[in-house]
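**Student:** Chains as they are written, first to last, in our numbering: chain L, 1190 to 1298; chain C, 2 to 115.
Beta carbons are placed, not taken as given, at the ideal position from N, Cα and C, and that holds for glycine.
(1) For residue 79 of chain C versus residue 53 of chain C, is the C-beta spacing smaller than 8 Å?
(2) Going by DSSP, what residues sit across from residue 1245 of chain L in a beta bridge?
(3) Return the first residue and the last residue of the beta strand (DSSP E) that residue 1216 of chain L is part of.
(4) Strictly by DSSP, which residues pair up with residue 38 of chain C?
(5) Roughly how many whole angstroms lie between the Cα atoms of residue 111 of chain C and residue 1266 of chain L?
(6) Along the region 93-106 of chain C, what residues have a CB closer than 8 Å to any CB found in chain L?
(7) What residues from chain L crowd round residue 84 of chain C, counting only those whose CB sits closer than 9 Å?
(8) Are three or more beta carbon pairs between the region 1262-1279 of chain L and the region 1203-1223 of chain L nearer than 8 Å?
(9) Using the beta-carbon of each residue, which ones in chain C are nearer than 9 Å to residue 1276 of chain L?
(10) Along chain L, in chain order, which residues have C-beta atoms closer than 9 Å to that of residue 109 of chain C?
(11) So the beta strand (DSSP E) residue 111 of chain C belongs to, where does it begin and stop?
(12) What residue does the beta strand (DSSP E) around residue 1202 of chain L start on, and which one ends it?
(13) Please report the Cβ distance between residue 91 of chain C and residue 40 of chain C, rounded to the nearest whole angstrom; I am assuming they are in contact, meaning their Cβ atoms lie under 8 Å.
(14) Is there contact between the region 1213-1220 of chain L and the region 1290-1298 of chain L, where contact requires at least three CB pairs shorter than 8 Å?
(15) State the CB to CB distance for the pair residue 117 of chain C and residue 108 of chain C, rounded to an integer number of angstroms; the pair is presumed to be in contact (CB under 8 Å).
(16) Does DSSP put residue 1269 of chain L in a helix, in a strand, or in coil?
(17) Across which residues does DSSP place residue 1227 of chain L in a beta bridge pair?
(18) Sorted by chain position, which residues of the same chain lie with C-beta nearer than 6 Å to residue 38 of chain C's C-beta, five sequence neighbours on each side aside?
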């Protein structure tokens, strides 16, 4: 079993739609959680950290469920510019960081 | 936010040659930097952790004699792909954690070995 698993997609949604991605992790000792966005042929960029209480940044909402060991990302009112690959990232103690394989999102007009 | 730069952004070389990639932290000091490799449609895979003033720590399966890492200063780490072969063609990305928490990535170096 992979340490971090994501649905690879692709998710094809129309503009304005709401889309949700889930990610599961296997190490219960994981401490920090992030969502990164990676555009085609570019480096990953931090989208948002994920906190236990859940957090929101504009149209993006991230949630963490430690008991079930999954994190989620919700995108509301999708824009064409949201098309990208979204990487779930989990950090265990120290510097060990595990990346999910990413979920591809295509937003269409 | 923190800025990490990489150079070159892309390189094409002949099989058997060596290629050096530089990773710099521009507005912070990084005692530790990370080198990743990403093949098409795959996730980032950590190759090694670069430690300033000491030897790099390589992940299992990564040949340390092939991927030479030097972290001579607090703002510069270099990755040298020695005797590159076509199977080494990939997207190489470095990163650093200025606050020990959030990783910031360089723009990546696309290597094509002919």
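**Tutor:** Let me spell this out:
(1) As a first step, residue 79 of chain C is located in the second chain; it is residue number 78 there, counting from the start. As a first step, residue 53 of chain C is located in the second chain; it is residue number 52 there, counting from the start. Their beta carbons are not under 8 Å apart, which means residue 79 of chain C does not touch residue 53 of chain C by this criterion.
(2) For the purposes of this step, residue 1245 of chain L is taken as the residue at position 56 of the first chain. The partner list for residue 1245 of chain L (beta bridge, DSSP) reads L:1250.
(3) By one-based count along the first chain, residue 1216 of chain L stands at place 27. Note, residue 1216 of chain L: premise wrong, no beta strand (DSSP E); not H, not E.
(4) Here the question's residue 38 of chain C lines up with position 37 in the second chain. BP columns for residue 38 of chain C point to C:46 and C:93.
(5) Working through the second chain from its first residue, we reach residue 111 of chain C at position 110. Working through the first chain from its first residue, we reach residue 1266 of chain L at position 77. Rounded to the nearest angstrom, the two C-alpha atoms are 34 Å apart.
(6) 94, 98, 102, 103, 104, 105 and 106
(7) Here residue 84 of chain C refers to the residue found at position 83 when the second chain is read from its first residue. Here the premise fails: no neighbours, minimum Cβ distance about 26 Å.
(8) Yes, they touch.
(9) Walking along the first chain from the start, residue 1276 of chain L turns up at place 87. The contacting residues are 44 and 45.
(10) To locate residue 109 of chain C, count along the second chain from 1; it is residue 108. In chain order: 1230, 1231 and 1232.
(11) Numbered from 1 along the second chain, position 110 holds the residue referred to as residue 111 of chain C. Counting along the chain, the beta strand (DSSP E) containing residue 111 of chain C begins and ends at 110-114.
(12) Locating residue 1202 of chain L in the first chain gives position 13, counting from the first residue. Counting along the chain, the beta strand (DSSP E) containing residue 1202 of chain L begins and ends at 1200-1203.
(13) What you label residue 91 of chain C is simply residue 90 of the second chain in a count that begins at 1. What you label residue 40 of chain C is simply residue 39 of the second chain in a count that begins at 1. The pair is a contact, with the Cβ atoms about 6 Å apart (cut-off 8 Å).
(14) no
(15) With chain C running from 2 to 115 in the structure shown, residue 117 of chain C is simply not present.
(16) Locating residue 1269 of chain L in the first chain gives position 80, where the first residue counts as 1. DSSP places residue 1269 of chain L in helix when its eight states are reduced to three.
(17) Taking the first residue of the first chain as position 1, residue 1227 of chain L is located at position 38. Answer is L:1233 and L:1274, bridged to residue 1227 of chain L.
(18) Along the second chain, one-based indexing puts residue 38 of chain C at 37. The answer, listed in chain order, is 46, 48, 91 and 93.
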